[in-house]
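Numbering (this note's numbering), first residue to last: 145 to 556.
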């Protein structure tokens, strides 16, 4: 029995309408390639053979899912996003199993957020070190950037300093800020990759160590870097193509219109490909296939995923502000010359102020980063449960016998 997500290359998907993309599960099992062509109506769970009418559920009990490739196998389940595994219909059971942090059925907003927070609470020994290392590195670089870049840049005497000195100082500040953002970029990707593996195991009710999360994630890190860069470069090119013509022609209105269109397209693509990261990590697939998987999983649910994603961003922003703002104010009053020093920027380079604000940043990032990563992973799981009956694969991987044929136990 494979209890570890993401070990195998995915098979055919009923939502794809295509052939397989890798190792096929056993014939007649959950990943049978004939499944999507001969989809039985809800309430009848069997893998039909050519020319055979799906049996009546009262005459023949449904077959239990065959051992397959776990997360990587997405060859069974309803295409219409029906309620499998918990609301009647496919499994005919009244209560979904809950081996881990979420019930194995289509999830609501509250269950997704609760699952993300519950994983942080139950598996804090793994989640906290991962996020703390990233947060400390990011804030450490940020402290030095603010300390030396702002001191080099002539803030209060910019009008009297020679132009070449201002340009040199500006170049130094831009270079340091670029280094700061690069560290944040690297750290966020590594943390997201490892947290994805932690959350995937938490869904099954399994714990994970930092070392295990690293071993499972490292094989896909290069592809995750490539995916993130590709999305960032694509967004930048799209913005440039739509804004630059109007700007170069001196048409401000055309440039502004192009900017609004670019922002709308970028937002649409951002949500469309928002599930590419967990698909890449858990299905052990390529960047191209991960983008295609995300596009197919999001199709028909764009507004729902958009709403959950934006709400998560708002929540994490508020949480971050509640933590960072008081410490920033305290640091400014105690070490930054009071309100006057904060207003004119003269106190922003004192060590006391920088360290105090860095502590707030570390705490905020250590809390918000796993929430954002967790919501993305659970959205991916939710979409696959709705479209591909992933709950059956997860139940099998969690060791729940005959899930889908009897009322499963609850727990976890």
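A virtual CB, placed ideally from N, CA and C, is assigned to each residue, including glycine.
Given residue i as reference, the closest of the options once Cα atoms are compared
i, options, result
"residue 255", "541, 523, 531 and 546", "523"
"residue 518", "288, 419 and 409", "419"
"residue 323", "336, 287, 338 and 311", "287"
"residue 461", "536, 508, 538 and 273", "508"
"residue 468", "501, 391, 436 and 443", "501"
"residue 280", "510, 520 and 475", "510"
"residue 329", "353, 370 and 545", "370"
"residue 261", "506, 459 and 477", "459"
"residue 340", "271, 278 and 397", "271"
"residue 359", "338, 348 and 350", "338"
"residue 291", "536, 499 and 545", "499"
"residue 269", "353, 476, 259 and 545", "353"
Sub-8 angstroms separation of residue i and residue j beta-carbons
i, j, result
"residue 364", "residue 456", "no"
"residue 439", "residue 417", "yes"
"residue 356", "residue 266", "no"
"residue 471", "residue 496", "no"
"residue 406", "residue 368", "no"
"residue 331", "residue 400", "no"
"residue 335", "residue 275", "yes"
"residue 394", "residue 244", "no"
"residue 453", "residue 410", "no"
"residue 344", "residue 248", "no"
"residue 512", "residue 421", "no"
"residue 402", "residue 386", "yes"
"residue 534", "residue 525", "yes"
Unbroken alpha helix (DSSP H) run spanning residue i, endpoints
i, result
"residue 383", "365 to 392"
"residue 291", "Run containing residue 291: none; DSSP gives neither H nor E here."
"residue 530", "495 to 532"
"residue 417", "That residue, residue 417, is in no alpha helix (DSSP H); it is neither H nor E in DSSP."
"residue 441", "431 to 442"
"residue 359", "354 to 361"
"residue 255", "253 to 266"
"residue 464", "446 to 479"
Rounded C-alpha distance that separates residue i from residue j
i, j, result
"residue 527", "residue 428", "18 angstroms"
"residue 253", "residue 451", "9 angstroms"
"residue 388", "residue 333", "30 angstroms"
"residue 547", "residue 529", "14 angstroms"
"residue 361", "residue 318", "32 angstroms"
"residue 241", "residue 264", "21 angstroms"
"residue 423", "residue 434", "5 angstroms"
"residue 542", "residue 283", "39 angstroms"
"residue 436", "residue 464", "33 angstroms"
"residue 397", "residue 326", "34 angstroms"
"residue 374", "residue 478", "44 angstroms"
"residue 531", "residue 539", "16 angstroms"
"residue 314", "residue 308", "10 angstroms"
"residue 404", "residue 384", "12 angstroms"
"residue 251", "residue 257", "10 angstroms"
"residue 377", "residue 514", "25 angstroms"
"residue 493", "residue 289", "10 angstroms"
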